[in-house]
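A short worksheet on the structure shown next.
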Amino acid sequence: MAQPTKRIGVLDVLGAKHTLARWAATIEGLEQAFPDITFEVEALDINGLDKALSENRLDFVITNPGNYAELEYRHHISRIAMVQRGQPVASTLVTTSDFTSMEDLVGKKLAVVSKDAFGGFHVIISEMDKTNPSLPRRIEVMETGYPMNLVAEAVLDGKADAAVLRTCTLELLQQQDPARYNSLRSFALRQDQPTDCAISSPIFPNWPFAKTPKTDAAFAKQVAVTLLSIEQGNFWTVPLDYQSVHDVLRQLQIGPYERTSPISLRELVEDHGEWLILLAGALILWAIYSVRIETLVRKRTLALNETNEKLLLEMDRRKRAEEAERQHLRELEHVARLSILGEMASSIAHELNQPLAAISNYAQGCLLRLKANKFSADDMTLAANEIAQQTDRAAEVIKRIRAFVRKKDTKQVPVNVADLIADCAAVYEASANRAGVKVVVDIAEDLPLLTVDPIQIQQVLLNLVQNAIDAMSDVPAERRKAFLVARRYHDGTDGVSISVRDFGHGMSAEDLGHFAEAFYTTKAEGIGLGLALSRSILEAHGGSMRAESPQDGVGLEVAIWLPTGENHE
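Take 1 as the starting number for the sequence shown in the working numbering and just add one per residue.
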């Protein structure tokens with residue numbers, strides 16, 4: 001019988017031969033740990049990795065941090081380990097000319113492997129943007145494709161004036177073929193980074209080892225433990241915070257952050273400076289004209305000003321009174337949300353009360369039959385079995401409560417999405433009615449069953465709906481609507497997407513960058529744990545959560561994704 005095969009997609013930067021040799025020790029360690037499984041490595045470029053994940057052909061992925069952030073967003077992969085040491089993730093500018101700084105590249109041709117490469121393009125463009133926002137637009141970029149040594153060849157052949165190499169690649173090439181590559185020199189160097197190689201940028205977290213949605217979470221956990229124990233080749237460690245990677249992608253507005261923020265004032269001035277000068281001149285002329293008109297009508301407005309002041313005072317008093325009333329209502333809503341815990345406790349007590357009452361009835365029945373000498377062995381067996389069944393039922397409830405408190409595995413059962421949302425509606429309708437918010441529910445008819453812990457998923461949905469209600473507390477009554485939409489969604493893995501969209505104040509680009517982080521909140525009285533806990537629950541079910549500004553720019557849309565299936569870690 002053929003052994004099962006696990007396919008690992010690896011980003012190829014220096015050719016397939018170099019890629020396979022680089023990760024050979026890691027593959028050997030995995031095959032030793034799992035002798036019954038064959039691990040097959042596929043050396044792919046960025047587009048090849050994306051295609052392979054779209055076709056659901058890979059079980060694991062090894063790639064650079066920038067590409068990982070994109071694939072995490074597009075294909076729901078999740079990192080389980082990270083390279084501990086080796087070639088750092090950073091950029092180095094090389095040339096055969098006498099360049100000393102990035103400004104020397106103005107009007108020159110810069111060779112890169114791909115405009116989608118992180119260390120080979122995005123990192124250095126980010127540094128250029130920090131130095132001078134107009135600098136990236138004044139440089140001609142030439143893509144050579146992989147492997148990375150092609151950009152060095154472009155400089156040596158006179159096709160480009162400079163090139164971007166991943167840090168330490170220059171030293172590696174010069175070691176392999178000094179006669180060919182010793183004429184290359186690095187420039188725009190930094191001295192504040194902990195590396196012996198020439199470097200032109202900060203150092204970022206190293207390459208991650210990530211599992212795809214098709215990979216069983218329990219097996220992925222075993223693979224992670226094995227990686228951490230490998231003592232040769234690429235050493236692995238637990239993943240670091242990739243916030244610095246996300247900062248670069250957010251700065252360049254690419255990957256997960258494409259079209260998530262409006263154009264900045266600085267970019268507007270740089271792109272449309274001439275038109276802005278003309279507009280400023282027109283505004284100055286208009287201001288002069290307005291002053292002249294204002295002078296002519298000033299005498300006629302003196303009486304109106306006094307009346308307006310009285311009206312403003314009255315409006316200010318009413319505004320303060322309304323704000324006090326809204327604050328009072330918000331406090332009452334906060335108390336109402338806390339009462340959900342009491343409702344859960346009542347439900348648990350009711351669930352326990354049924355088996356306890358049955359046990360009591362059977363026990364009293366046995367006593368009555370014993371007193372009347374009408375108790376046979378069959379009766380005793382029947383009563384004992386019933387009492388045992390009810391005891392098991394009560395024990396199961398207690399077991400699930402203890403498991404939840406201790407963060408152990410919860411009970412996951414097949415549930416109907418429509419029934420799940422209907423149960424949530426019974427809880428959030430009171431809060432929505434008090435806030436004057438209409439919750440519109442739109443559920444597709446072809447949704448599959450989800451194998452989840454219904455209580456935990458209801459907790460997530462209640463949190464999202466309540467956040468939507470809170471976000472519209474200060475908007476006009478006609479805008480107080482929330483849409484709860486459930487659709488079947490296939491993105492490499494079959495699943496269900498449930499989104500909650502509000503028409504409130506929305507979130508800034510900075511707030512979206514910290515979405516669902518623990519202890520980060522935009523609410524005045526919030527503590528920042530609701531969304532972080534919700535994300536943990538979804539990840540435990542193999543799902544994910546994201547937030548984005550709607551296309552019309554009003555409010556916020558938060559979507560969760562849950563895969564179909566019977567078991568999730």
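Yeah, the Cβ is synthetic: ideal placement off N, Cα and C, and Gly gets one too. Note that the structure is predicted; figures quoted are calculated from it, not measured.
Do Lys221 and Asp161 have their beta-carbon atoms positioned less than 8 angstroms apart in this structure?
No; because the gap between Cβ atoms is not below 8 angstroms, this pair is not in contact.
On the three-state DSSP scale, how would you describe Arg490?
Per the sequence presented here, residue 490 reads as His, with Arg not at that position. His490: strand per DSSP, three-state reduction.
Which first and last residues belong to the alpha helix (DSSP H) in which Ser536 is found?
For Ser536, the enclosing alpha helix (DSSP H) covers residues Gly530 to Ala540.
Terminal residues of the beta strand (DSSP E) in which Ser544 lies
Taken as a continuous stretch (DSSP letters only), the beta strand (DSSP E) holding Ser544 covers Ser544 to Glu548.
Going along the chain, which residues of its own chain have a beta-carbon closer than 8 angstroms to the beta-carbon of Val475, five neighbours each way excluded?
Excluding its 5 nearest sequence neighbours in each direction, Val475 has C-beta neighbours in its own chain below 8 angstroms: Phe503, Gly504 and His505, listed in chain order.
Within the continuous alpha helix (DSSP H) that includes Ala111, where are the two ends?
No alpha helix (DSSP H) holds Ala111; the beta strand (DSSP E) holding it covers Lys109 to Val112.
Expressed to the nearest angstrom, what Euclidean distance is found between the alpha-carbon atoms of Gln191 and Ala90?
About 13 angstroms.
For Arg137, tell me which candidate among Ile288, Gly145 and Met128 has the shortest Cα-Cα distance.
Nearest in C-alpha terms to Arg137, of all of Ile288, Gly145 and Met128, is Met128.
Run of the alpha helix (DSSP H) containing Ala226, from where it starts to where it stops:
The sequence given here has Thr at residue 226, not Ala. DSSP places Thr226 in the uninterrupted alpha helix (DSSP H) bounded by Ala217 to Ser229.
Spatial distance of Leu156 from Leu170 (CA atoms)
The C-alpha of Leu156 lies about 13 angstroms from the C-alpha of Leu170.
Pull up the distance between the alpha-carbon of Leu313 and that of Ala303, whole angstroms please.
Distance between the alpha carbons of Leu313 and Ala303 is about 16 angstroms.
Indicate whether the contact test is met: 3 or more Cβ pairs, each with one atom in the stretch 175 to 190 and one in the stretch 204 to 213, closer than 8 angstroms.
Contact between the stretch 175 to 190 and the stretch 204 to 213 is absent, because fewer than three Cβ pairs lie under 8 angstroms.
Suppose you measure from the CA of Lys438 to the CA of Arg501; what does that come to, to the nearest Å?
Cα-Cα distance, rounded: 12 angstroms.
Considering only C-alpha positions, which residue in the set Arg74, Trp236, Asp12 and Gln459 is nearest to Pro147?
Here the closest residue by C-alpha is Asp12.
Pairwise C-alpha distance: Ser200 and Glu343:
Low per-residue confidence applies at Glu343: pLDDT is 37, beneath 50, and the placement is therefore not dependable enough to give any value.
Under 8 angstroms Cβ to Cβ from Lys319, same chain only, skipping five residues before and after it: list those, please.
Residues of the same chain with their beta carbon placed closer than 8 angstroms to that of Lys319 are lacking, with the five preceding and five following residues left out of the count.
Using only the alpha-carbon positions, how far apart do Glu331 and Leu447 sit?
The predicted position of Glu331 is uncertain, since its pLDDT is 48 and thus under 50; no value can be drawn from it.
Please classify Ser431 as buried or exposed, where buried requires at least 16 other C-beta atoms within 10 Å of its C-beta.
Buried is the label assigned to Ser431, since at least 16 other Cβ atoms lie within 10 Å of its Cβ.
Do you know offhand how far Trp561's Cα is from Gly543's?
Distance between the alpha carbons of Trp561 and Gly543: 5 angstroms.
Do you know how far the Cα of Ala540 is from the Cα of Val496?
Their backbone Cα atoms lie some 16 angstroms apart in a straight line.
Inter-residue Cα distance where the pair is Thr307 and Asp316
Taking C-alpha positions only, Thr307 is separated from Asp316 by approximately 14 angstroms.
Checking the sheet assignment: what are the DSSP bridge partners for Lys481?
DSSP lists Lys438 as the beta-bridge partner residues of Lys481.
Residue from Val558, Tyr489 and Arg85 with nearest C-alpha to Ile230:
The shortest C-alpha separation from Ile230 is found at Arg85.
Please state the DSSP three-state secondary structure of Phe235.
Assignment of Phe235 by DSSP, reduced to helix, strand and coil, places it in the coil class.
Excluding the five sequence neighbours on either side, which residues of its own chain have a C-beta within less than 7 angstroms of the C-beta of Leu14, listed in chain order?
Excluding the 5 residues flanking it on each side, Leu14 has same chain C-beta neighbours closer than 7 angstroms at Pro147, Met148 and Asn149, in chain order.
Out of Asn416, Asn463 and Gly436, state which residue places its alpha-carbon closest to the alpha-carbon of Glu445.
The candidate whose alpha carbon is nearest that of Glu445 is Asn416.
From Ile27, Lys159 and Ile359, residue whose alpha carbon lies closest to that of Ala384
When only C-alpha atoms are compared, the closest one is Ile359.
Of the choices Glu153, Ile387, Val83 and Ala372, whose alpha-carbon is the least far from that of Pro239?
Residue Val83 is the option with its Cα nearest to Pro239.
Have a look at the DSSP bridge pairing and note the partners of Arg185.
Paired residue(s): Thr95.
Sequence-distant residues of the same chain with beta carbon closer than 8 angstroms to Cys424, five excluded per side
Its chain contains Gln458, Leu461, Leu462 and Val465 as the residues whose beta carbon lies nearer than 8 angstroms to that of Cys424, once the 5 sequence neighbours on both sides are disregarded; these appear in chain order.
Measure the CB-CB distance between Thr38 and Thr5 and report whether it falls below 8 angstroms.
Yes.
How should Tyr242 be labelled, buried or exposed, when 16 other C-beta atoms within 10 angstroms of its C-beta is the threshold for buried?
With 16 or more other Cβ atoms within 10 Å, it is buried.
Using the Cβ count rule (16 or more neighbours within 10 Å means buried), how would you classify Gln32?
So Gln32 counts as exposed.
Closest to Gln193 by C-alpha separation, out of Val113, Ile124 and Pro88, would be which residue?
The residue among Val113, Ile124 and Pro88 with its C-alpha nearest the C-alpha of Gln193 is Pro88.
Helix, strand or coil for Ile455, going by three-state DSSP, please let me know.
In the structure shown, Ile455 sits in a helix (DSSP, three-state: H, G or I).
Near Ala435, what residues of its chain come up, given a Cβ to Cβ distance below 6 angstroms and the 5 sequence neighbours on each side ignored?
In its chain, beyond the 5 residues on either side, Ile469 have a beta carbon closer than 6 angstroms to the beta carbon of Ala435.
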